[in-house]
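The opening position of the sequence shown corresponds to residue -3 in the numbering used here, with each subsequent residue numbered one higher. Glycine included, C-beta positions come from ideal geometry on N, C-alpha and C. Just so you know, these numbers come straight off a predicted model, no measurement behind them. This report refers to the structure that appears directly beneath it.
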Amino acid sequence: MSICLCLRRFVVAFALCLVLAPWADAREPQFEVAVQQDVMVPMRGGVKLATDVYLPARGGQPLAERLPVILTRLPYGKASAKSFGEYYAARGYAFVAQDTRGRFGSEGVWRFLTDDGKDGWDCAAWIGAQPWSNRKIGMLGTSYVGGTQHARPPHSPTPIPVLTVHGAAGAKANS
């Protein structure tokens, strides 16, 4: 077997390990999930954004402790993040899904990526003030949802930029 073929097999096996590793070590659900739907979170200027909060719970009651938070802000309807909210809350994280300004249940006018930086900042400040938050916020999402993360909110670690090419083959085939 040639060195080139061995190297190629190693690279493919390594890439598969990187892709599959999160599922191999995924924790089993440890908690029930309590959901607070349509919490209207105030932004500067008085506009309120519709927000769902998923919290780990026992006996139907949210845990009375401060938790790390995963935030996603999206223009596609926060209900589309329900499975993520349930997954992460069942594993001990608070999960916050928010409709961006002017979309679905949120007030205001949607302007493509124009208000997302300051609204993300205000949302993160709101999260940091909640009794269930330990003020450590991670953000989740790609495409437009990833674009809402570009302005680093307070209480969040330095972001790790990720670029994904989604649907590029379809775009090329249609051009």
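Alpha-carbon to alpha-carbon, residue j and residue i
| i | j | result |
| --- | --- | --- |
| F80 | L67 | 10 Å |
| V49 | Q94 | 9 Å |
| G142 | K74 | 14 Å |
| E61 | R97 | 30 Å |
| G41 | A86 | 35 Å |
| K132 | G124 | 8 Å |
| M135 | E103 | 22 Å |
| A90 | V43 | 24 Å |
| G101 | Q126 | 21 Å |
| Q145 | V29 | 25 Å |
| R99 | P71 | 6 Å |
| V92 | P58 | 14 Å |
| T47 | V37 | 7 Å |
| K114 | E24 | 36 Å |
| F27 | W128 | 15 Å |
Residue i - partner residues in DSSP beta bridges
| i | result |
| --- | --- |
| L70 | D95 |
| Y89 | DSSP output for Y89 lists no bridge partner at all. |
| L63 | S129 |
| L45 | V37 |
| G134 | I66 |
| P58 | A53 |
Simplified DSSP assignment, three categories, for residue i
| i | result |
| --- | --- |
| T160 | For T160, the pLDDT reaches just 38, beneath the cut-off of 50, and the residue's location in the model is therefore unreliable, leaving the point undetermined. |
| A30 | strand |
| V35 | strand |
| R107 | coil |
| A53 | strand |
| S102 | coil |
| E24 | coil |
| S139 | coil |
Buried versus exposed call for residue i [16 or more other C-beta atoms within 10 Å across all chains shown]
| i | result |
| --- | --- |
| V105 | exposed |
| G56 | exposed |
| L63 | buried |
| M39 | buried |
| L109 | exposed |
| R54 | exposed |
| R69 | buried |
| D111 | buried |
| D34 | exposed |
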